[in-house]
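Counted from 1, the sequence shown has number 24 at position 24 by full-length UniProt numbering; the numbering is strictly sequential. Data first, discussion second: the structure below is written as structure tokens.
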Amino acid sequence: MTGLVNWRLLRERMMAPMNNGQMAKFNWNQITDMYDGMAKLERRYTQMQVDCMPITADDTVVDIGCGPGRLSVPMAQKAQSVTSVDAFDNMLSRCMHNASLAGISNITPKLQDWNSDDAIEQIGIHDIAVASRSVGFSDLLKLNKIARKYAVVMSFANAPSLREIQLSFLQGVIDTPPVPHANDRNFGYNITFNMLYDMGAEPNIRIVDDGYEAQFASREEAYEAMRFVGDIPADKEAQYRANVDKRLTANEQGFRLFCASRTFVMWWKTSELQAD
């Protein structure tokens with residue numbers, strides 16, 4: 001059903017930059033360390049996001065665009081099994097490394113391009129399909145096809161993204177300009193929610209106040225620990241340290257780093273969604 005507003009068309013246009021141009025061609029293997037470092041900073045909040053999901057101990061889950069396993073590892077602690085899918089072998093290797101460190105043995109890695117024509121056939125059907133800030137988020141009908149029970153999507157909820165926060169540590173350090181935060185509520189998670197509603201689903205949504213955090217004994221420890229954000233030339237060291245200082249607050253244990261964000265977790269019964 002198409003209502004007064006064609007939310008599906010609006011969403012396709014909103015997702016176009018993710019599916020075309022440099023984003024679609026980018027080699028994510030190059031930034032595995034950075035993404036893994038950022039994922040570790042949001043570990044406590046990631047658990048809060050996973051706790052929102054309708055996952056039971058009997059469910060098989062597929063994580064599309066799993067990256068370093070930010071979600072795969074905690075989801076595997078709730079589910080019967082998790083299939084972690086990524087098109088980049090470095091990301092997939094890091095995911096399995098993190099699973100091993102956590103003592104998790106019910107994750108199956110799958111090196112697979114979600115955009116390939118045979119992706120659904122290669123990945124197979126699971127009880128729950130999850131796409132968070134990844135390529136799987138762009139085509140919800142395709143995501144719906146690989147889940148028997150629920151599909152789950154997640155992204156930033158009118159709040160700074162991982163990329164925005166990562167680049168804030170490199171402001172004045174590298175040539176890449178900081179990513180401006182787009183706070184236009186007309187083009188937020190409302191478009192995804194309304195599209196799903198128009199297509200027959202009754203979407204559920206939870207908003208999680210979260211962020212990126214770490215505790216350090218000293219400023220020096222913080223400077224060293226955060227170097228995963230990117231290459232820092234020697235002549236830009238002072239600027240890098242100033243950027244880190246902006247995120248530090250003194251406490252009894254030393255210094256707490258915190259960068260606030262917010263996430264929406266949205267899920268729906270796949271049986272409800274109607275393509276036409």
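Cβ atoms here follow ideal geometry from the backbone N, Cα and C, with glycine treated the same way.
Pairwise C-alpha distance: residue j and residue i
i, j, result
"residue 282", "F193", "The shown model of the chain, from 1 to 276, leaves out residue 282, and the question about it has no answer."
"A151", "C52", "13 Å"
"S161", "G124", "31 Å"
"A76", "D235", "44 Å"
Cβ-Cβ distance between residue i and residue j below 8 Å
i, j, result
"K149", "I128", "yes"
"M48", "D210", "yes"
"K269", "A201", "yes"
"G166", "V208", "A quick correction: the sequence has Gln, not Gly, at residue 166. Taking 8 Å as the Cβ cut-off, Q166 and V208 do not qualify as a contacting pair."
"L143", "I64", "yes"
"D196", "L248", "The sequence shown places Leu at residue 196, rather than the Asp named in the question. Cβ atoms of L196 and L248: not closer than 8 Å."
"N158", "R185", "yes"
"I55", "A79", "yes"
Contacts around residue i, its chain only, beta-carbon distance under 8 Å, and the 5 residues preceding and following it disregarded
i, result
"N243", "S168, F169, L170, Q171, G172 and V173"
"S116", "Q122"
Option nearest residue i by Cα separation, candidates the options
i, options, result
"V82", "S105, Q253, P68 and T249", "S105"
"V153", "E164, R163, A39 and G136", "G136"
"S212", "Q239, A260, R241 and Y240", "Note that residue 212 is Tyr in the sequence shown here, rather than Ser. Nearest option by C-alpha distance: A260."
"I120", "A147, H97 and R133", "A147"
Own chain partners of residue i with C-beta closer than 6 Å, once the 5 adjacent residues on each side are dropped
i, result
"T32", "N90, M91 and R94"
"A214", "L41 and L257"
"D113", "A87"
"Q239", "G172 and V173"
Beta-carbon proximity list for residue i, same chain, < 7 Å, skipping 5 on both sides
i, result
"A102", "V73"
"W28", "F88 and M91"
"R241", "Y223"
"D36", "P68 and R94"
Using 8 Å as the Cβ pair cut-off and three pairs as the minimum, do the segment 259-268 and the segment 216-230 touch?
Per the Cβ contact rule, the segment 259-268 is not in contact with the segment 216-230 (fewer than 3 Cβ pairs under 8 Å).
Between the segment 127-142 and the segment 59-68, do at least 3 Cβ pairs fall closer than 8 Å?
These segments touch.
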